[in-house]
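Beneath this line is the structure, given in C-alpha cells, with notes to follow.
Residue numbers (the working numbering), protein chains in the order written: chain A, 554 to 654; chain B, 6 to 500.
Dropping the structure here:
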C-alpha cells in the first residue's frame with residue numbers, strides 16, 4: 554500500500570519505509586524551504602541528518618529533518634507560512650502570535 | 006533513577022554493533038544508542054526491515070558480517086543483556102565524581118518514540134562514525150547537489166534515485182560504489198570526476214598487501230564502471246555547478262597534481278551532482294569529554310587511542326572512523342577490540358589471543374587506510390576554485406569573500422577568529438559541513454599548514470545536537486542522576 558502525503562496542496566506518494574525527503578525527491582520536488590538571507594531554495598544535501606538543509610514542518614511541528622522522518626499516510630508537509638518565508642521569520646511570527654494571545 | 010549500565014555504546018554502525026555484541030557476550034550489561042531506526046550505520050544502511058525485499062542487499066559489502074552481528078545483537082536484546090535504543094541521539098555527556106558517565110538522549114525526530122532518556126554507565130565506547138567531507142565550490146548550494154554519501158543513503162536506505170543524469174565528483178574510492186549504485190538504479194552517470202590519479206593505492210606495496218581483499222574490490226568496481234560505460238575522468242575537478250533554481254550542468258577542467266586548473270573547461274549536462282572528498286569523523290562527543298586528538302594523514306581531526314582503543318580519558322573507549330577514517334572492516338575490528346578491552350577492564354573474561362589477533366588486524370587496517378589517504382589527498386590548491394560569492398557556510402550563508410575580508414580587513418588569522426568575525430559554522434549544522442573548509446581557508450589565507458589546533462575549535466560543540474529548549478530547562482531542574490547514583494556506582498567503577 555502506498556502512503557499519501559500532502560505538500561503545498563499537492564499529493565505526494567510514499568512507499569512504506571521511505572523517508573519524507575526521499576518521497577519528495579522521487580516526486581520531483583527538490584527544494585522545500587528558502588534561506589534567511591539570500592532566499593535561496595534548499596532541499597536534500599547530506600541525506601543523513603548532519604547538515605540540517607532539509608528542514609521541514611511535519612504535521613505542524615517545525616524544523617524536522619526530512620531525511621530522518623519516516624513517511625506516513627496522511628502526513629502534512631510544510632505549512633502555509635513557509636511558502637518561501639524563512640525559518641527565523643516563522644519563529645518571530647509564532648512569538649508575535651503568542652504575545653497577542 | 007535512570008538505569009546504570011556497565012557500558013554504554015554510542016552508534017550502531019560497524020564499530021558500535023561489534024563493540025556492543027562483544028561486550029554483552031563477555032557478560033557486561035550494555036546500552037546501545039543509535040540515531041537511525043535500525044542498526045547498520047551509514048555503511049550497511051538498508052531499507053526498512055519491516056518492508057525488506059531480497060534485492061535490498063545488492064551492492065552491499067560484507068553483508069553476512071552485518072547480519073551476523075545484527076542477529077547476535079537482537080538475541081542479546083531479547084535476553085535482556087543489551088538495552089538497544091534506536092532513533093535517538095546523545096546530546097550531552099557529563100561525569101560525576103565517581104567517574105560514571107551520564108548520557109542525555111533526545112529523539113532524532115518528532116515522529117520517533119518521544120520519550121527522552123538518561124543513561125548512566127561505568128564505561129563508554131563511542132563509535133560515532135563520520136560523514137562526507139565537503140569542499141565548497143561555485144553552485145554547490147543548488148538543489149540537485151548532494152553529498153555522495155547522501156545519494157548512496159537515498160539509494161540504499163530509501164530505494165530512491167536522486168536524479169536521472171548524474172556526475173559524481175571529488176576524490177577517493179567511495180565515488181565508485183556511488184556511481185555504480187546509481188547506474189544499477191537506472192541513472193545515467195555522465196562522469197566520475199576524480200581530482201587525483203587513478204587507483205594508485207594498488208601500486209602502493211605496503212598498503213595493498215595490508216588489505217588484499219581491497220584490491221579485489223577495486224577490480225570489481227573497475228569492471229562495473231566498464232560494464233555501465235561510466236567515464237572515469239582523473240586529475241579533473243568540477244569548477245562550477247550551473248543552474249538557476251536547480252542543477253543543469255557542471256563545468257569541469259583538468260588540474261595539475263596540486264589541483265590548479267590546467268586545461269580548457271568542458272560542460273556536462275546533469276540534474277544530479279554527488280560530491281565527496283573523503284570523510285570527516287564525528288568528534289563532538291569525544292571532544293566534550295576532553296579526549297586528546299590529532300591530525301590524521303587525511304587531514305581529519307581524530308581521537309588518539311592506544312592498542313586497547315582507550316582514549317586519554319579514563320573509561321572512555323573510541324572505535325571506528327572517529328579514531329581515523331579507515332572503512333567498515335577496520336571499524337569492526339576496532340569495535341570488537343574495544344568491547345573485549347572494556348570487558349577485561351571491568352573484570353570479565355576476554356580471550357587474550359583473540360585480542361592479540363584483533364590488534365594486528367587493526368594495525369594492518371591502519372596501514373592500508375594511510376596508503377589510501379596518501380593516494381587521494383584533498384588537492385592543496387582547492388581554495389583557488391572559489392569565487393568571492395561562493396557560499397562556504399551553507400547555514401549562515403557566509404561566502405568566501407566574507408571570509409577573505411575578515412582576514413584582510415579584520416586580521417582573522419585562524420579558523421576560530423574567522424568564525425567569530427564572519428560566522429561560518431555558527432548555524433544549524435554547527436560547522437559539520439563547512440568546518441574543514443573554513444579551517445583550510447584560514448590556513449591558506451595566512452599561508453601556512455593547518456594543525457589540530459586549527460581543526461579543534463570547529464569540531465567542538467557544547468551540545469552534540471540541537472535540542473528543544475524544554476530539554477535544556479529540564480536539565481537545570483534535574484540534578485538527581487549524577488549525584489544520587491554516585492554511592493551506588495562508586496564501588497562498581499573501580500573493580
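Positions of the beta carbon are idealized from the N, C-alpha and C atoms, including for glycine.
Exercise. Rank A:586, A:568, A:603 by C-alpha distance to the C-alpha of residue 596 of chain A and give the top, closest one.
Key: A:586
Quiz item: Closest Cβ-Cβ distance between residue 565 of chain A and chain B: below 8 Å?
Solution: no
Exercise. Compare the C-beta of residue 725 of chain A with all C-beta atoms of chain B and state if any pair is closer than 8 Å.
Key: Chain A is shown from 554 up to 654; residue 725 of chain A falls before or after that span and cannot be answered.
Quiz prompt | residue 68 of chain B - containing alpha helix (DSSP H), residue span | solution = 68-83
Exercise. Label residue 651 of chain A either buried or exposed according to how many other C-beta atoms from any shown protein chain fall within 10 Å of its C-beta, with 16 as the threshold for buried.
Key: Because the pLDDT of residue 651 of chain A is 36, which lies under 50, any placement of that residue in the model is unreliable, and the number read from its coordinates should be weighed accordingly. With fewer than 16 other Cβ atoms within 10 Å, it is exposed.
Self-check item: Chain-ordered neighbours of residue 632 of chain A on chain B, where CB pairs are closer than 7 Å
Solution: In chain order: nothing, as chain B lies at least about 14 Å away.
Exercise. Give the residues from the segment 584-608 of chain A that approach chain B closer than 8 Å (Cβ to any Cβ), ordered along the chain.
Key: 584, 588, 589, 590, 591, 593, 594, 595, 596, 597, 598, 599, 600, 601, 602, 603, 604, 605, 606, 608
Practice problem: Report the residue ranges of all alpha helix (DSSP H) runs contained in full by the segment 360-441 of chain B; include only those spanning at least 4 residues, in chain order. | Solution: 405-413, 420-427
Practice problem: Look at the Cβ atom of residue 31 of chain B, then the Cβ atom of residue 353 of chain B, and state whether they are nearer than 8 Å. | Solution: yes
Quiz item: Using Cβ-Cβ distances below 9 Å, what residues of the segment 399-424 of chain B are close to chain A?
Solution: 399, 400, 401, 402
Self-check item: Minimum C-alpha distance to residue 466 of chain B - residue among B:475, B:436, B:417
Solution: B:436
Self-check item: Inter-residue spacing [alpha-carbon to alpha-carbon] between residue 627 of chain A and residue 557 of chain A
Solution: 6 Å
Quiz item: Is it buried or exposed for residue 56 of chain B, if we count other Cβ within 10 angstroms and need 16 for buried?
Solution: exposed
Exercise. Give the range of the beta strand (DSSP E) segment to which residue 554 of chain A is assigned.
Key: Where residue 554 of chain A is concerned, there is no enclosing beta strand (DSSP E), given that its DSSP letter is neither H nor E.
Practice problem: Give the DSSP bridge partners of residue 151 of chain B, in chain order. | Solution: B:279
Self-check item: Burial state of residue 59 of chain B (16 or more Cβ within 10 Å)
Solution: exposed
Exercise. Measuring only between beta-carbons, confirm whether residue 434 of chain B sits less than 8 Å from chain A.
Key: yes
Quiz item: residue 5 of chain B versus chain A: which residues are under 7 Å apart at the beta carbon?
Solution: Because chain B here runs from 6 to 500, residue 5 of chain B falls outside it and cannot be looked at.
Self-check item: Nearest-angstrom Cα separation, counted from residue 337 of chain B out to residue 359 of chain B
Solution: 14 Å
Exercise. Count the other C-beta atoms from every protein chain shown that fall within 10 angstroms of the C-beta of residue 629 of chain A, then say buried if there are 16 or more, exposed otherwise.
Key: exposed
Quiz item: For chain B, is any of its Cβ atoms less than 8 Å away from the one on residue 618 of chain A?
Solution: yes
Exercise. Give, in chain order, every unbroken run of the alpha helix (DSSP H) that is at least 4 residues long and sits entirely within the segment 250-333 of chain B.
Key: 289-293
Quiz item: Residues of chain A with CB under 7 Å from residue 115 of chain B, in chain order?
Solution: 611, 614, 617
Quiz item: Which residues in chain A sit within 9 Å of residue 201 of chain B, going by Cβ to Cβ distance?
Solution: Correct list: empty, because the minimum Cβ distance to chain A is about 23 Å.
Practice problem: Using a cut-off of 9 Å between C-beta atoms, extract the partners of residue 555 of chain A located in chain B. | Solution: Residues of chain B passing the Cβ test: none, with the nearest at roughly 12 Å.
Self-check item: Length of the line joining the Cα atoms of residue 511 of chain B and residue 246 of chain B
Solution: Residue 511 of chain B lies beyond the range of chain B shown here (6 to 500); nothing can be said about it.
Self-check item: Buried or exposed by the 16-neighbour rule on C-beta atoms within 10 Å, applied to residue 383 of chain B
Solution: buried
Quiz item: Measuring CA to CA, which of A:571, A:565, A:582, A:570 is closest to residue 148 of chain B?
Solution: A:582
Practice problem: Could you tell me the boundaries of the alpha helix (DSSP H) in which residue 476 of chain B lies? | Solution: 474-482
Quiz item: Excluding the five sequence neighbours on either side, which residues of its own chain have a C-beta within less than 6 Å of the C-beta of residue 576 of chain A, listed in chain order?
Solution: 565, 567, 624
Quiz item: Is there a Cβ from chain B that is less than 8 Å from the Cβ of residue 559 of chain A?
Solution: no
Quiz item: Taking 8 Å as the CB-CB cut-off, is residue 60 of chain B touching chain A?
Solution: no
Quiz item: Can you name the start and end residues of the alpha helix (DSSP H) that residue 189 of chain B belongs to?
Solution: 180-189
Quiz item: So does residue 453 of chain B have its beta carbon nearer than 7 Å to some heavy atom of the ligand NAD?
Solution: Although the ligand NAD was asked about, the structure shown includes no ligands whatsoever.
Quiz item: How big is the Cα-Cα spacing for residue 267 of chain B and residue 242 of chain B?
Solution: 11 Å
Quiz item: Taking the continuous beta strand (DSSP E) assigned at residue 128 of chain B, which residues delimit it?
Solution: 122-131
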